[in-house]
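In this note's numbering, the protein residues as written are 4 to 180. Input: a single structure, listed below in structure tokens.
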């Protein structure tokens, strides 16, 4: 397993790869930092996946709306968590969705009547590839900016980059169209 670093406008990011795929991206010191990675990580800044990720992040922070499909992502987790992370990847840039909306979709996909928004919150908070798998786009049912492993301050900044209007601690979509 390999690591590299990226100095973002919001703080230092740790990138982790298996050599081909991006398997992790965390703000340094955030909650669930390094998740379940126990082995030593070798510093290898010039892997292709790291270079591609850094280009993606440069574009993101310049509001250029990079596509998630250009990166080889391989988040590791339970079947349930991976299913939630796949749904996160479908949330469009500049849009937000509630934990409850994701719960309804996961319940539908799993042929269950209901799914707990709290269970979804647990899966979202353990997303090992922050920013790129956009867990910051998930909000409370009343628009509140609840939970973000990197910190609410960073969640707000990420949403502002995407032109999501934040007023009184709640998210609203801002479209100039």
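Note that beta-carbon positions come from the ideal geometry of N, C-alpha and C, so glycine has one too.
Where residue i falls: helix, strand or coil (DSSP)
i           : result
residue 151 : coil
residue 24  : coil
residue 167 : strand
residue 96  : coil
residue 176 : Caution is warranted here: a pLDDT of 49 is assigned to residue 176, below 50, making its placement in the model unreliable, and the coordinate value is therefore given only provisionally. Here residue 176 sits in strand by DSSP.
residue 46  : strand
residue 15  : strand
residue 8   : strand
residue 117 : coil
Closest Cα partner of residue i within the set the options
i           : options              : result
residue 174 : 165, 147 and 25      : 147
residue 70  : 53, 83, 96 and 51    : 96
residue 39  : 72, 66, 60 and 81    : 81
residue 164 : 10, 60, 9 and 93     : 60
residue 77  : 167, 145 and 131     : 131
residue 62  : 135, 169 and 115     : 135
residue 167 : 112, 129, 113 and 98 : 98
residue 79  : 129, 14 and 124      : 129
Beta-carbon gap between residue i and residue j smaller than 7 Å
i           : j           : result
residue 160 : residue 151 : no
residue 108 : residue 91  : no
residue 16  : residue 28  : yes
residue 122 : residue 103 : no
residue 8   : residue 57  : no
residue 74  : residue 55  : yes
Own chain residues within Cβ distance below 8 Å of residue i, not counting five before or after
i           : result
residue 5   : 19, 20, 21, 22, 44, 45, 46, 47, 50 and 53
residue 94  : 100, 137, 140 and 141
residue 118 : 106, 107, 109 and 110
residue 169 : 148, 159, 162, 163 and 175
residue 116 : 110
residue 172 : 147 and 148
residue 42  : 4
Beta-carbon separation (whole angstroms), residue i vs residue j, contact threshold 8 Å
i           : j          : result
residue 64  : residue 12 : 5 Å
residue 110 : residue 83 : Contact doesn't hold; Cβ gap of about 12 Å is too wide.
Own chain partners of residue i with C-beta closer than 7 Å, once the 5 adjacent residues on each side are dropped
i           : result
residue 153 : 30, 33 and 133
residue 14  : 30 and 31
residue 66  : 164
residue 124 : 102 and 150
residue 155 : 148
Residues near residue i by beta carbon distance below 6 Å, same chain, minus five either side
i           : result
residue 143 : 149
residue 68  : 96
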